[in-house]
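S.K.:
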Amino acid sequence: MCCSIYVCRVTERETKIATGKRSHSDFYFVLSCMPMECRFTRKHYCFWVLIHVAFVGVLESCLEEERLGLLSIKDHFKLYNGDASEFLPSWTDDPVADCCSWERVKCNNATMVTQLSLDELPLSPNDGQMVLNMSLFAPFKELLNLSLSHNDFTVCNQNYEFKVLKNLVTLDLSYNNFNVTIPGKHHKSLKFLLLWQN
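Here the sequence shown is numbered in this note's numbering, starting from 798 and rising by one per residue.
Structural data, given as structure tokens:
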């Protein structure tokens with residue numbers, strides 16, 4: 798039996814290529830015990846370490862559909878925000894960004910978005926109205942909790958896509974200014990619909 802310890806350095810560039818995510822360079826210590834013929838070189842072992850890093854990185858990244866969905870939400874809300882540079886700064890249009898690490902976002906172990914805390918956003922009405930487009934939340938199939946309180950929304954566009962949120966349990970729309978249609982009234986999965994101060 799031939800045993801060796803290899804030190805494999807996975808650089809930031811290699812990690813980004815393998816996983817689509819940036820990270821600092823890491824060192825991996827690999828203990829190799831093989832038959833006497835020891836045909837694998839250090840390069841072979843470092844290659845397999847890189848494959849492992851890629852596999853783990855894919856598991857830890859958020860879903861692309863949900864990342865793009867969050868950016869669509871940001872673009873919509875930016876219509877009511879004068880200083881876009883200060884609005885949800887961690888929500889960056891970077892294809893290697895992990896949206897599960899963004900502010901106001903929580904994910905489950907499967908890296909699917911389960912909670913969005915979009916309350917008290919720095920928004921200002923245009924011509925006295927602020928429109929909430931519920932279809933923006935359609936990509937988040939595992940969404941459980943959605944908070945949109947304290948935002949002064951006045952109008953809600955309830956497109957049919959909102960019905961796909963079959964797991965939504967809590968919808969907080971308190972402290973807005975809805976005066977006609979209240980979203981979520983007939984949503985079957987909802988257990989908590991907060992509507993005071995509308």
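Ideal Cβ placement from N, Cα and C applies to all residues, glycine included.
If you check the beta carbons only, do N942 and V966 fall under 8 Å apart?
M.R.: Yes.
S.K.: Would you tell me roughly how many angstroms separate the C-alpha atoms of L990 and L970, rounded to the nearest one?
M.R.: Each residue's alpha carbon lies about 8 Å from the other.
S.K.: List in chain order: all unbroken beta strand (DSSP E) runs of 3+ residues lying wholly within the region 905-932.
M.R.: As far as the region 905-932 is concerned, its whole beta strand (DSSP E) runs of at least 3 residues are 910-914, 928-930.
S.K.: If distances are taken between C-alpha atoms only, which option among P892, L968, D949 comes closest to H984?
M.R.: The candidate whose alpha carbon is nearest that of H984 is L968.
S.K.: May I ask you to report which of helix, strand or coil DSSP gives L962?
M.R.: Here L962 sits in coil by DSSP.
S.K.: Could you give the distance in angstroms between the alpha-carbon of R901 and the alpha-carbon of S914?
M.R.: R901 and S914: Cα-Cα distance of roughly 5 Å.
S.K.: Buried or exposed, going by whether 16 or more other CB atoms sit within 10 Å of the CB of K871?
M.R.: K871 comes out buried.
S.K.: Does the Cβ-Cβ distance between D1075 and H873 come in under 8 Å?
M.R.: The shown model of the chain, from 798 to 995, leaves out residue 1075, and the question about it has no answer.
S.K.: Which same chain residues end up closer than 6 Å to Y877 when comparing Cβ atoms and leaving out the 5 residues on each side of it in sequence?
M.R.: Around Y877: L920, S921, M927.
S.K.: According to DSSP, simplified to helix, strand and coil, what is S898?
M.R.: S898 falls in the helix class under three-state DSSP.
S.K.: What residue range is occupied by the uninterrupted alpha helix (DSSP H) comprising L991?
M.R.: L991 -> not in any alpha helix (DSSP H); beta strand (DSSP E) instead, spanning 989-991.
S.K.: Need the endpoints of the beta strand (DSSP E) that S944 sits in, please.
M.R.: That run of the beta strand (DSSP E) goes 942-944.
S.K.: Helix, strand or coil, according to DSSP, for W903 in the structure here?
M.R.: First, the residue type needs correcting, since residue 903 is Lys and not Trp in the sequence shown. Of the three classes helix, strand and coil, the one that applies to K903 here is strand, per DSSP.
S.K.: From D890, T951, D949, pick the residue whose C-alpha is nearest to that of E863; which is it?
M.R.: It is D890 whose Cα lies nearest to the Cα of E863.
S.K.: To the nearest angstrom, report how far apart F975 and S986 are at their CA atoms.
M.R.: Going by the C-alpha atoms only, they are around 22 Å apart.
S.K.: Any Cβ of chain C within less than 8 Å of the Cβ of N954?
M.R.: In summary, chain C is missing from the structure at hand, where a single protein chain is found.
S.K.: Can you tell which of N973, L929, L945 has the C-alpha that lies nearest to the C-alpha of C953?
M.R.: Minimum Cα distance to C953 is reached at L929.
S.K.: Considering Cα atoms alone, identify which of L865, A935, S932, K963 is closest to P892.
M.R.: Residue L865 is the option with its Cα nearest to P892.
S.K.: So what does DSSP say about L968, is it helix, strand or coil?
M.R.: Reduced to three states, the DSSP call for L968 is strand.
S.K.: Closer than 6 Å by C-beta to L945: which residues in its own chain qualify, once you throw out the five before and the five after it? Chain order, please.
M.R.: Cβ neighbours of L945 beyond the five flanking positions: L915, L970.
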